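Keeping their order, the protein sequence lines are chains A and B.
If you count the first sequence from 1, you need to add 3 to reach this note's numbering.
If you count the second sequence from 1, you need to add 3 to reach this note's numbering.
There are 2 protein chains.
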Amino acid sequence: MMARAFQPIGRRRLIGGITGTAAYAASKAAFASNDTLPSWNEGASKQSILDFVKRVTESGGNDFVPAEQRIATFDNDGTLWSEQPVYFQVAFALDRVRAMAKQHPEWKTQEPFKTVLSGDPHALAKLSEKQLLLIVAATHSGMTVEQFRQTVLDWVATARNPRFKRPYTDLVFQPMLELLAYLRGNGFRTFIVSGGGIEFMRPWVDKVYGIPPEQVVGSSGETKYQVVKGTPELIKLPKVEFIDDGPGKPVAINRFIGLRPILAFGNSDGDQQMLEWTAGGKGTSLMGLIHHTDAVREWAYDRKSSVGKLDKAWDEAARRGWLVVDMKRDWKVIYPFET
Amino acid sequence: MMARAFQPIGRRRLIGGITGTAAYAASKAAFASNDTLPSWNEGASKQSILDFVKRVTESGGNDFVPAEQRIATFDNDGTLWSEQPVYFQVAFALDRVRAMAKQHPEWKTQEPFKTVLSGDPHALAKLSEKQLLLIVAATHSGMTVEQFRQTVLDWVATARNPRFKRPYTDLVFQPMLELLAYLRGNGFRTFIVSGGGIEFMRPWVDKVYGIPPEQVVGSSGETKYQVVKGTPELIKLPKVEFIDDGPGKPVAINRFIGLRPILAFGNSDGDQQMLEWTAGGKGTSLMGLIHHTDAVREWAYDRKSSVGKLDKAWDEAARRGWLVVDMKRDWKVIYPFET
Chain A
4 MMARAFQPIG RRRLIGGITG TAAYAASKAA FASNDTLPSW NEGASKQSIL DFVKRVTESG
64 GNDFVPAEQR IATFDNDGTL WSEQPVYFQV AFALDRVRAM AKQHPEWKTQ EPFKTVLSGD
124 PHALAKLSEK QLLLIVAATH SGMTVEQFRQ TVLDWVATAR NPRFKRPYTD LVFQPMLELL
184 AYLRGNGFRT FIVSGGGIEF MRPWVDKVYG IPPEQVVGSS GETKYQVVKG TPELIKLPKV
244 EFIDDGPGKP VAINRFIGLR PILAFGNSDG DQQMLEWTAG GKGTSLMGLI HHTDAVREWA
304 YDRKSSVGKL DKAWDEAARR GWLVVDMKRD WKVIYPFET
Chain B
4 MMARAFQPIG RRRLIGGITG TAAYAASKAA FASNDTLPSW NEGASKQSIL DFVKRVTESG
64 GNDFVPAEQR IATFDNDGTL WSEQPVYFQV AFALDRVRAM AKQHPEWKTQ EPFKTVLSGD
124 PHALAKLSEK QLLLIVAATH SGMTVEQFRQ TVLDWVATAR NPRFKRPYTD LVFQPMLELL
184 AYLRGNGFRT FIVSGGGIEF MRPWVDKVYG IPPEQVVGSS GETKYQVVKG TPELIKLPKV
244 EFIDDGPGKP VAINRFIGLR PILAFGNSDG DQQMLEWTAG GKGTSLMGLI HHTDAVREWA
304 YDRKSSVGKL DKAWDEAARR GWLVVDMKRD WKVIYPFET
């Protein structure tokens with residue numbers, strides 16, 4: 004795995020071939036048709052999005068927002084793609100432990116790696132957040148940023164989600180792809196603002212969501228610049244630099260974008276401050292939460308979920324009249340492969 | 004000054020009215036004409052830029068670079084606008100000390116503020132880097148990010164450079180405005196990667212350079228998110244978060260952009276690693292240094308300058324054949340107001 008992972012050839016097109024481009028193309032085709040947001044059922048949710056976009060783009064209207072200020076931010080896990088039963092980046096990190104085990108014989112007896120290598124699903128499910136962070140640090144450092152990028156691309160091309168037996172990047176939400184394209188078609192710049200790792204997302208989001216790497220904001224580890232035998236390198240260090248979650252989201256939006264969004268979508272308590280910050284702007288804004296209500300087609304969870312807990316943000320949405328998208332009710336299809 | 008500075012009305016257009024839009028419009032008009040880069044004299048420098056852009060954009064050619072990878076990064080101080088005799092952000096900070104003095108009676112006896120308020124140019128010139136950082140911290144914190152933005156816009160609209168008696172944003176380089184527009188016209192995304200403060204640049208660079216806030220990378224202070232009486236705020240703290248200089252530039256390019264540039268321009272030793280990192284990419288790249296050689300029209304300085312020192316990077320440019328732009332020889336005009 005390591006040898007393949009670090010092949011110097013560009014394997015980016017693999018993602019496109021297998022899954023990404025297809026999904027993105029589907030959403031572009033949908034946008035080109037007369038039916039705007041075709042995977043959204045008619046109803047209050049769809050209507051409130053259409054109304055908002057009309058208001059802020061109607062030249063001369065009271066709510067008009069100049070194009071340069073049309074910033075839209077989206078959480079990723081649970082908002083643009085699924086996140087159950089574990090964040091997909093955790094699935095990646097666990098796969099990396101297995102792939103790197105040969106170079107780390109000490110992991111056979113060292114926790115939390117020993118548990119990962121045991122393959123015991125009950126023990127795996129009990130790993131603490133601190134242990135998961137150790138696993139992420141060990142598998143996301145000690146290589147150049149290019150080597151890590153290649154590892155992510157290889158995983159995206161080969162790993163399969165256990166429930167759907169498909170690449171993880173197939174599990175993006177078709178209605179959200181349509182929303183992203185619809186907003187861009189109306190002069191918005193669309194950003195991801197995720198608690199996930201910035202360098203885990205950037206290699207594939209352009210093909211899958213149509214969002215270029217510089218429009219991805221996320222959690223990050225430190226990197227070190229060095230020149231080795233005349234070759235400059237950026238090495239990933241096992242040290243957290245920034246956690247882009249909760250109050251970190253408005254901080255990161257200010258740092259990376261420098262403008263306040265007028266539209267923001269999330270799905271969990273970690274998105275509450277991003278939506279609050281967006282709502283605090285002077286003009287019209289749209290705040291949305293994706294509520295996971297469809298156990299048959301996707302997953303159903305909210306207040307008590309250990310992953311993607313939607314509790315305080317849900318109460319705030321109800322109190323302030325934010326849009327709550329009910330997946331089961333509002334979405335005609337969930338994934339691009341259903342279309 | 005404070006009262007005016009924090010007026011809630013949008014005064015952004017003021018910049019456009021006075022200087023910015025005019026400069027940017029001039030460069031757009033230049034691009035639209037048949038004469039590419041009209042403010043550049045014919046010669047090796049201009050030719051190497053034209054050749055590079057032709058090579059990377061020629062479909063089917065050996066050096067072709069897909070549009071999504073055409074990333075160009077520019078230092079700001081000394082590369083896109085002047086920086087003598089002090090960085091313009093330092094001039095801003097000193098003006099802020101004077102404007103804020105009434106609210107800080109203790110500054111009359113407290114260094115380094117006492118020296119700033121004395122107005123003695125000899126003492127001012129002797130302020131150490133550490134003292135200047137103290138001044139920047141005191142004048143760039145304790146307010147919301149929106150209040151700071153407004154203060155910057157007010158200063159840009161009203162302050163005058165002592166030598167040219169003009170707004171500081173008039174002192175941008177016309178040939179570089181043309182280069183930015185020319186690159187964008189050829190599918191490049193143009194970024195600023197500056198040692199200057201990110202929040203000092205973002206309020207005006209869109210109007211002046213045609214570069215939106217999210218394409219500005221710079222040094223930054225920490226901010227804190229808080230909700231006061233239901234209103235969310237981001238407060239600027241007097242604590243340095245990141246210095247975007249030297250080896251910090253490739254680190255920041257990776258963090259903010261996530262792609263390696265194929266073109267980079269700087270003018271001082273602080274840009275060496277950015278150019279080195281750009282040169283280390285796999286395909287064709289163009290690395291350029293602006294050499295300040297024109298004491299009559301601008302300033303002349305290099306190896307021994309305390310501001311914008313060009314010493315090690317100059318040697319590396321000579322050794323590796325990087326482009327060194329000689330302002331006196333290569334530029335027909337320096338500033339937009341000369342055209």
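Every residue, glycine too, gets a C-beta built ideally from N, C-alpha and C.
The structure presented is a predicted model; accordingly, all values stated were derived computationally and were not measured.
Buried/exposed call for residue i, threshold 16 Cβ in 10 Å
{"i": "R205 (chain A)", "result": "buried"}
{"i": "R1 (chain A)", "result": "The requested residue 1 (chain A) does not occur in the structure, where chain A is confined to residues 4 to 342."}
{"i": "G198 (chain A)", "result": "buried"}
{"i": "I234 (chain B)", "result": "The question names Ile, but residue 234 (chain B) is Thr in the sequence shown. Exposed."}
{"i": "T112 (chain B)", "result": "exposed"}
{"i": "T142 (chain A)", "result": "buried"}
{"i": "T226 (chain A)", "result": "buried"}
{"i": "S271 (chain B)", "result": "buried"}
{"i": "F259 (chain A)", "result": "buried"}
{"i": "A160 (chain B)", "result": "buried"}
{"i": "F194 (chain B)", "result": "buried"}
{"i": "Q87 (chain A)", "result": "buried"}
{"i": "P170 (chain A)", "result": "buried"}
{"i": "N65 (chain B)", "result": "exposed"}
Rounded Cβ spacing between residue i and residue j (contact assumed at less than 8 Å)
{"i": "G249 (chain B)", "j": "G273 (chain B)", "result": "5 Å"}
{"i": "Y228 (chain A)", "j": "P253 (chain B)", "result": "5 Å"}
{"i": "F95 (chain A)", "j": "W158 (chain A)", "result": "5 Å"}
{"i": "S42 (chain B)", "j": "V328 (chain B)", "result": "Wrong, their Cβ atoms sit about 12 Å apart, outside the cutoff."}
{"i": "V100 (chain B)", "j": "L120 (chain B)", "result": "7 Å"}
{"i": "L289 (chain A)", "j": "L326 (chain A)", "result": "7 Å"}
Neighbour flag for residue i against chain B, beta carbons, 9 Å
{"i": "A282 (chain A)", "result": "yes"}
{"i": "S144 (chain A)", "result": "no"}
{"i": "G226 (chain A)", "result": "Residue identity differs from the one stated: residue 226 (chain A) is Thr in this sequence, not Gly. Yes, contact with chain B."}
{"i": "E45 (chain A)", "result": "no"}
{"i": "F268 (chain A)", "result": "no"}
{"i": "R332 (chain A)", "result": "no"}
{"i": "P115 (chain A)", "result": "no"}
{"i": "R187 (chain A)", "result": "no"}
{"i": "F77 (chain A)", "result": "no"}
{"i": "I260 (chain A)", "result": "yes"}
{"i": "R73 (chain A)", "result": "no"}
{"i": "E86 (chain A)", "result": "no"}
{"i": "Q150 (chain A)", "result": "no"}
{"i": "Q276 (chain A)", "result": "yes"}
CB contact check: residue i to chain A, cutoff 9 Å
{"i": "K374 (chain B)", "result": "It is not possible to answer for residue 374 (chain B), since the shown part of chain B is limited to 4 through 342."}
{"i": "I201 (chain B)", "result": "yes"}
{"i": "R322 (chain B)", "result": "no"}
{"i": "P216 (chain B)", "result": "yes"}
{"i": "P264 (chain B)", "result": "no"}
{"i": "P108 (chain B)", "result": "no"}
{"i": "S30 (chain B)", "result": "Note that S30 (chain B) scores 49 on pLDDT, short of 50, meaning its location in the model is unreliable and no value can be drawn from it."}
{"i": "W325 (chain B)", "result": "no"}
{"i": "N257 (chain B)", "result": "yes"}
{"i": "F34 (chain B)", "result": "Here F34 (chain B) scores only 47 on pLDDT, less than 50, and its place in the model should not be relied on; the value that follows carries that caveat. Taking Cβ atoms only, chain A never reaches closer than 9 Å to F34 (chain B), which makes this a no."}
{"i": "A26 (chain B)", "result": "Confidence at A26 (chain B) is low in this model, with a pLDDT of 48, below 50, so its placement is unreliable and the value that follows should be read with caution. So no, A26 (chain B) is outside the interface."}
{"i": "D209 (chain B)", "result": "yes"}
{"i": "E319 (chain B)", "result": "no"}
{"i": "V89 (chain B)", "result": "no"}
{"i": "S271 (chain B)", "result": "no"}
{"i": "K310 (chain B)", "result": "The residue you asked about is not Lys; residue 310 (chain B) is Val in the sequence shown. By this cut-off, V310 (chain B) is not an interface position."}
_Closer than 8 Å is the cut-off here; do at least three beta carbon pairs connect the stretch 297-315 of chain A with the stretch 71-86 of chain A?_
yes
*Those runs of the alpha helix (DSSP H) which lie wholly inside the stretch 297-341 of chain A and span at least 4 residues*: 315-323, 330-333
*Between the stretch 66-74 of chain A and the stretch 262-269 of chain A, do three or more beta carbon pairs fall short of 8 Å?*
yes
_Ignoring anything shorter than 3 residues, give me the beta strand (DSSP E) runs that lie fully in the stretch 107-193 of chain B, in order along the chain._
none
*Any contact of the stretch 170-180 of chain A with the stretch 323-342 of chain A, i.e. 3+ C-beta pairs under 8 Å?*
yes
*asked:* Counting beta carbon pairs with one atom in the stretch 131-145 of chain A and one in the stretch 105-122 of chain A, are three or more of them shorter than 8 Å?
replied: yes
*What are the start and end residues of each continuous beta strand (DSSP E) run of 3 or more residues lying completely inside the stretch 232-309 of chain A, in chain order?*
234-245, 266-269, 289-294
_Pairs of beta-carbons, one from the stretch 151-166 of chain B and one from the stretch 124-134 of chain B, closer than 8 Å: are there three or more?_
no
*State whether the stretch 234-244 of chain B contacts the stretch 285-302 of chain A, with contact taken as three or more CB pairs (one from each stretch) at a distance under 8 Å.*
no
_Length-filtered (3 minimum) beta strand (DSSP E) runs lying within the stretch 23-98 of chain A_ = 74-77
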